[in-house]
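What follows is a single structure, written as structure tokens, with notes after it.
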Amino acid sequence: VNQRDPQILVLAPTRELAIQVAEAFHKYAKHIKGFNVLPIYGGQEYGGQIRSLKRGVHAVVGTPGRVMDHIRKGTLNLDGLKTLVLDEADEMLRMGFIDDVEWILEQTPKTRQIALFSATMPTQVRRIATAHLTNPAEITIKMKTATANLIRQRFWPVSGMHKLDALTRILEAETFDGMIIFVRTRIATVEVAEKLSARGFAASALNGDIPQAQRERTVDQLKKGKLDILVATDVAARGLDVERISHVVNYDIPHDTEAYIHRIGRTGRAGREGDAILFVAPRERRMLNAIERATSKKIELMELPSTELINDKRIAQFKQAIADTLATEDLGLFKHLVEQYQNEHNVPAIEIASALAKLVQGDSPLLLQHKPVPRADKAWESRGNDQPRTRDRGKGSERSERPQRPRKDAPPEKGMQRFRIEVGHIHKVMPGNIVGAIANEANIDAQNIGRINIFDDHSTIDLPADMPEDIYAGLKKVWVAGQTLNISREGEAPKAPSKRSPARRGDDDRGRVFEDSKPGKGPKSSRDAGDKPVKKSKPGVKAREREREKAAAKAKAKTATSKAKKTKEAGKAKKKANGKPSL
């Protein structure tokens, strides 16, 4: 305790996790007099951190970037370090911090002890463990123990209803204390939180664009019960440890199973039971199966609450609000006013009460209009009996029973408009790549993306006709299969595609831009929409014909130019011979 230089250094991937670990240090060391711990992370002023380090601290908990800054400035002395902890090493790898971690490891004394914690063990994390740990003991917690026993996992197949409406029904029907709703992008956190707030829920966004002080206030409000719902990205919610979180909703399905495990780990903590709900679009069924394999548990199919159930709950809440007001409020003045109005206008008290209730309710209807809740189709219900496809269809071929596929030249459906995008078969693109890129970058729900027709060197796609211009402009710059979409409305001439390499954005809430010298290569986060490296391939028949036509037109133009030049020169020579000056 008398040593002034840090003896323990904990590296954490996010500011929130660094704060949580520092709070845990305070809790565990409350009986050790004079013990000091300091969290250091970006977003705070250097001055306060430097003053605390000069006064002396026993443990430092920090994010890799800020720890490196202090080491380089000479304000963090690691000569007396005895223990180094790498917390959530796989997340630091995913966020691109692994090189920073190795640099920090090289600055520490060889005599320090290292502890590494990781939810998964990717190759690079295991390589670090092998290189820097001495005869380490590996302790593994079985996935089944970690998730299956305490957390009830359910999924809702996205079909026939907007995700926000489905989420609203779930929030009204489920009994929950605190909740985290996970979305993919920072923009989505704000949009979903604002829409939920407008529907009467105590919700707030949590993402990397929000100032650190505001983020800390938001988490504190959740802990104290002043806030019930956080809408967050994976990174912003990393390390959150709030006991009252009873539910986790995966509004957007995660990109990998590790992210799912981390997400649902926000609930079911400290021996409490938790609920995890997953929204799954038809194209995301493979990820659902992968999650089930990773967690060693079958995820239940969830039916949305019916209109009748929601209305029953709303009526019960309405009656309870009346009972609570009658029991706790001084109603003397209002009784007098109602009685006065009744005598003056000869209106029954029941009608006055009804008018007051309508006044309080406002324009928002108390009850939902009756709409049948879409049920999961048989394909979802019989997931467990999926059989591999075979070439042998048997005698009773099902081909004739299937609905005929729409022709490629069929017009768009009502409310949709057809667009052209400059990516096609020669770029090895698949419909899922296009849907994923547009859904992620433009925040357009996959169910609002219409027919996709893929041709040799381009494709067409049907999108909402009322798509905002800013989203349309943004889609021009989206990259798929190593190509910019360069989207244009069908019939318009597309602009020449950019020859510049893409500035890849892994929208994982870090605000970092990855730039590559070659299209199609980059961090994994930039390829989540199927943007894989493109292999060189031979152009299609139509593409070759177009190239030949271009070459012929170019040669014809060159011949015409040469002929015109010769004619002009002959004219000049003739005028000169006649004694006339040439102009």
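The sequence shown runs 1 to 583 under full-length UniProt numbering. No residue lacks a Cβ here, since even glycine has one placed at the ideal position from N, Cα and C. Bear in mind that the values here come from a model prediction, so they are computed numbers and not experimental data.
Count the other CB atoms, across all protein chains shown, that sit within 10 Å of the CB of residue i; report buried if there are 16 or more and exposed otherwise.
i           : result
H427        : buried
E16         : buried
A481        : buried
I291        : buried
T175        : exposed
D87         : buried
Q113        : exposed
D79         : exposed
E413        : exposed
P411        : exposed
Q340        : exposed
residue 590 : Residue 590 lies beyond the range of the chain shown here (1 to 583); nothing can be said about it.
H345        : exposed
Q483        : buried
I139        : exposed
R293        : exposed
G362        : exposed
R420        : buried
A337        : Just to set this straight, residue 337 is Leu in the shown sequence, not Ala. Classification for L337: exposed.
Kindly indicate which three-state DSSP category residue i falls into: helix, strand or coil?
i           : result
residue 584 : Residue numbering for the chain in the displayed model covers 1 to 583; residue 584 lies beyond these limits and cannot be assessed.
A281        : coil
P464        : strand
F419        : strand
S459        : strand
P431        : helix
N448        : helix
S118        : coil
I128        : helix
G436        : helix
Q7          : coil
L583        : Any reading at L583 must be qualified, since the residue scores a pLDDT of 38, below 50, and its modelled position is unreliable; no value is offered.
Q107        : coil
G62         : strand
F155        : strand
R489        : strand
V85         : strand
residue 586 : Residue 586 is absent from the model: the chain starts at 1 and stops at 583.
L150        : coil
T325        : helix
I139        : coil
V480        : strand
Could you give the C-beta distance for residue i and residue j, rounded to a whole number, given that I count them as a contact under 8 Å?
i           : j    : result
T218        : L227 : 7 Å
F279        : V190 : About 19 Å separates the two Cβ atoms, so there is no contact after all.
Q44         : Q212 : 7 Å
P13         : T83  : About 19 Å; that fails the 8 Å criterion.
P254        : R266 : With 8 Å as the limit, P254 and R266 do not qualify as a contact, their Cβ atoms being about 13 Å apart.
residue 590 : G56  : With the chain represented from 1 up to 583, any question about residue 590 goes unanswered, as that position is not in the structure.
T168        : R199 : 6 Å
L309        : A173 : 6 Å
V435        : I449 : 6 Å
A349        : Q342 : 6 Å
residue 621 : F117 : No statement about residue 621 is possible, as the shown extent of the chain runs from 1 to 583 and does not include it.
S246        : G274 : 6 Å
- Kindly confirm or deny that the region 119–137 and the region 32–50 touch, where touching means at least three C-beta pairs closer than 8 Å. no
- Item | Any 3 or more C-beta pairs closer than 8 Å across the region 245–259 and the region 175–193 | Below 8 Å, enough C-beta pairs join the region 245–259 and the region 175–193 to call them touching: three or more.
- Query: What alpha helix (DSSP H) runs, 4 residues minimum, are completely inside the region 328–358?
  - Reply: If one requires a minimum length of 4 residues, the alpha helix (DSSP H) runs lying completely within the region 328–358 are 332–345, in chain order.
- Query: Which whole runs of the beta strand (DSSP E) in the UniProt domain "Helicase C-terminal" (163–310) are 3 residues long or more, in chain order?
  - Reply: 178–182, 203–206, 229–232, 245–250, 274–280
- Count the CB pairs spanning the region 71–80 and the region 234–241 that are closer than 8 Å, and state whether there are at least three. no
- Query: Per the contact definition of three or more C-beta pairs closer than 8 Å, is the region 101–121 in contact with the region 23–31?
  - Reply: no
- Message: Quick check on the DSSP output: what are the complete alpha helix (DSSP H) runs of length 4 or more inside the region 16–53, in order along the chain?
- Response: none
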